[in-house]
Structures are given as structure tokens and as C-alpha cells.
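Worksheet for the structure shown next.
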Amino acid sequence: MKKTEKVYFPGLNALRFIAASAVIITHIELLKGLFGLKSFWLNPLLYNLGGLGVYFFFVLSGFLITYLLLKEKTLLNEIKIKDFYIRRILRIWPLYFFILILGFFVLPFFKEIHISNLEISFQQHFYPNLLLYLFILPNLAFSFYAAVPHIGQSWSIGVEEQFYIFWPWLIKRSDNILKTLFVFIVVIIVVKVLYLYLPVSLKTKDWYIPIKRFLAMTKLESMAIGGIGAYFLFHNNLKILKFITHKLVFMLSFLFVFLLVYFTPQKLQDGIHIIYSVLFLIIIMNISSGKFWLISFLDNSIFNYLGNISYGIYMYHFMIIPMVLFFYEKIDIQVGIVTENILIYFVVFLFTIIISSISFFLFEIKFIKIKTKYTTINSSK
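Per the working numbering: the sequence shown = residues 2 to 382.
Quick look at the structure:
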């Protein structure tokens, strides 16, 4: 068997699960309202929690992928691009396409769990959506049409796959990686800003809003910010690391995330993800350093397990929530609002974890084992 060098960051598996949980919480509240139950979706924290979870995923992905690429480049004096693509394909594509099959060809037959406000658009744009999903462009589909019921969350998978297309080439070819990362971020931001300030005559075109949505969802700059953190950590930049891992900086990053949820100025809405990304990077680097005082709580077998199946948790939850809500309504349990929410959340998380576990051990693990043949630097514990 091919020998691999292991890289392990304590607490990252816990962060994966926590980020996935944030998305689930927002979607539970969203769907509760659509199923006629009392919902707290419009609470600023619950409304934004799902988006924050996805931004966190993007930064974490950019951080980890960039670190592993830098490690491989140093160890082998090259980056094996072909192996990189094979690893990504084997980890992402099997579950992605399985979810696609469920979303387009299985779940539509179960009318009891239909998400009513999405069904009309789904039927009207079935084939364009299917074509874009098949080419792993769910974010482009989501830009032009309403989300595909039960699998709309996969738009972020499209963003990550598009990031992976060029990122290993950028790291491999760049002589000054840090400068390249900063230039990349600036270019992306400039393109988005220029698009926002196109002439009014162009903003009235039919394509303007869908492209704006596409640019808004494509958070490549968040992944690149994660990459900058990986660069500083890999090269052990003591001045930067000392500042980032200072306890006050760490605590303030948590505080600012919370404050921005409630007090973000309207003018910053289109760029707030950049600030969140920097704050999330600070949190990631502090926890992954192993110096966080709760690291013994985060870095344990339970969180490591949940982190390992977090891809499935993210992909399956949006089809499990409607099922739980449907049966909850059918049973018609007369309980208070607190008990009702405890029951719904517990059952949703329980069944999401069970289904994700089954998927991981009966399906995904087969491809993960093949993936190890193409792995030189392994990020597993």
C-alpha cells in the first residue's frame, strides 16, 4: 500500500459538524414555517446561521486544501494534479450524483414531503436544472431558477468543485504564493464590485439578476482567505501566528461574528462574507493549533466521527427535515412550543446522523478506500 504522510489538525472534524449543524438549524426553521408550524426563521441569528455555516465550510476547505497542497509541493517538489483531481472526484462525486438521482427521480414521487413553493419552478425547469446539475453547476442552476427541492443545498458543492479546478494549478505554478493569493482575492472582489455598478441600462437585462446571484454565491475569495491562513501556518510566520492566536483576538473574532449578524450596515451586505471569512479563519487557526481551552471537548472520538460523516449530514438533511415534519403533523402531538422544538430537532438530527452513517459505511467508504491509492498527504487522524 502506498505510504502517506499524515497531517492532523485537532478540532477540525468538530468544526465540520458544527458548520453542518448551523445549516440544518436554519433549514429546520425555514421548513417549519412552510409546514404550518411556528417558526423562528426570521430571527436574525437563525436566518443567517445557515449562510455562516457555508462560509465557514468555504474557509475551512480553502485552508485545508491549500495546506495539503503546500505540504505535497514541499515533500515531492511537485503537485500531482491528476492525483488531486482523482481524490476530489472519489470523495465528492459519488454522493453528489446519488443525491442528484434522489432529488430528480425519486423524491418527486412522494408528494407528502413536497416543498410547495419550489415545486412549480422545479417542474417548469426540470431539464435545464438537470443538465446543469449533471455538469456539477448547481450554483448556476440556483442562480437562474428556484432551488431544486431537497437538494438545493448542493449549490455549495458546485462552488467547491469549481474552486478545485484551478486551485492546484495556481499553487503549483506560483513562485510567490502569498502574493498570488492576495492578487486573486483582489481581482475577484473588483470583478464583483464592477458588476454591481454596471450602467442602469444593463441592470434591466434579464441576465443581470441571475449573474449577480451566481457571483454572490461563488465565494472563491472566502476559500482563498482560508488559503492565506494555511500559507502563514505552513511557513510558521511567527509574527502573524502570534497575533492570530492571541486570546483577545480569538475572543473578539467570536464577538464580532455575533455583532455582525445583528448590526451589519446595509451597504456592507454584498461584502460582509469577506469579514466573516477573516473572522472564521482566526477561529479555525486558533482551534487547529490545539491551544483552544475547549480543545479536549472538541477533539474527541464522537466529534471526529461526526466530522467524518459531515458531508453526508450536509447532503441528506434537506430531504430528512420534510419527512420528519410531515410525520410530526400526522401524529399531531399536543405539546408546548419548547417540547415541540426539542422533539423536531432531536429527531431530525438523529435520523440525519443515522442515514449519513449508513451512507458512509455502505457507499462512500468504498470510494474513500480507492482514494487512498492516490494520496500522498493524508489529512485524517
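Yeah, the Cβ is synthetic: ideal placement off N, Cα and C, and Gly gets one too.
Since this is a predicted model, take the numbers as computed values, not measurements.
Between residue i and residue j, what straight-line distance do the alpha-carbon atoms span, to the nearest angstrom?
| i | j | result |
| --- | --- | --- |
| L280 | V194 | 22 Å |
| S40 | F167 | 41 Å |
| W170 | I82 | 7 Å |
| Q125 | L344 | 36 Å |
| L138 | P129 | 11 Å |
| H28 | Y277 | 20 Å |
| T1 | V60 | Here the chain has residues from 2 to 382 only, and residue 1 is not among them. |
| M286 | L31 | 32 Å |
| L43 | K33 | 12 Å |
| E6 | E73 | 9 Å |
| G391 | I116 | Absent from the model: residue 391. The displayed extent of the chain is 2 to 382, so no value can be given. |
| P11 | P109 | 41 Å |
| T373 | R88 | 8 Å |
| I102 | A217 | 27 Å |
| S380 | M316 | 21 Å |
| I26 | I19 | 10 Å |
| I388 | L96 | The structure shown does not extend to residue 388, since the chain spans only 2 to 382, so no value can be given for it. |
| F127 | S357 | 27 Å |
| F255 | I284 | 8 Å |
| N205 | R214 | Note that residue 205 is Thr in the sequence shown here, rather than Asn. When rounded, the distance between both Cα atoms is 15 Å. |
| L351 | N49 | 23 Å |
| K112 | I334 | 22 Å |
| I80 | P200 | 43 Å |
| N78 | I66 | 17 Å |
| H346 | S175 | Position check: residue 346 holds Tyr in this sequence, whereas His was assumed. Computed Cα separation, rounded: 47 Å. |
| I245 | F327 | 46 Å |
| L253 | L53 | 17 Å |
Is DSSP giving residue i helix, strand or coil here?
| i | result |
| --- | --- |
| K220 | coil |
| K7 | strand |
| I121 | helix |
| I378 | strand |
| Y198 | coil |
| G12 | coil |
| S175 | coil |
| I334 | coil |
| Q270 | coil |
| I283 | helix |
| K33 | helix |
| T205 | coil |
| N130 | helix |
| A21 | helix |
| A231 | helix |
| K180 | helix |
| V187 | helix |
| V149 | coil |
| K213 | helix |
| W156 | helix |
| I322 | helix |
| F164 | helix |
| I114 | helix |
| H236 | coil |
| F136 | coil |
Which first and last residues belong to the alpha helix (DSSP H) in which residue i is found?
| i | result |
| --- | --- |
| K292 | Run containing K292: none; DSSP gives neither H nor E here. |
| A142 | 139-145 |
| V258 | 248-264 |
| N309 | 302-309 |
| T75 | 45-77 |
| K81 | No alpha helix (DSSP H) holds K81; DSSP gives it neither H nor E. |
| F362 | From DSSP, F362 is part of no alpha helix (DSSP H); its letter is neither H nor E. |
| F244 | 239-245 |
| I366 | 366-372 |
Going along the chain, which residues of its own chain have a beta-carbon closer than 6 Å to the beta-carbon of residue i, five neighbours each way excluded?
| i | result |
| --- | --- |
| N14 | F304, N305, G308 |
| L131 | F105 |
| V348 | V325 |
| Y68 | A231, F235 |
| F143 | W156 |
| G1 | This structure leaves residue 1 out entirely; the chain is present only between 2 and 382. |
| A21 | S311, I314, Y315 |
| H318 | I25, T353 |
Apart from the five residues just before and just after residue i, which ones in its own chain have a Cβ nearer than 8 Å to its Cβ?
| i | result |
| --- | --- |
| S122 | Y146, A147 |
| L119 | A147, A148, V149, P150, G153 |
| L76 | E6, T377, I378 |
Using a Cβ-Cβ cutoff of less than 7 Å, which residues in the same chain neighbour residue i once the five nearest sequence positions on both sides are dropped?
| i | result |
| --- | --- |
| I288 | G12, L16, I296, L299 |
| Y375 | D84, I87, R88 |
| A225 | G63, L182, F185, I186 |
| F58 | A20, S157 |
| E330 | F36 |
| I189 | L221, E222 |
| I100 | I152, S155, M316 |
| V55 | V24, S157 |
For the 8 Å Cβ check, are there 3 or more pairs between the segment 212-231 and the segment 177-186?
Three or more Cβ pairs closer than 8 Å define a contact, and the segment 212-231 meets that threshold against the segment 177-186.
Does the pairing of the segment 360-372 with the segment 86-93 give three or more beta-carbon distances under 8 Å?
yes
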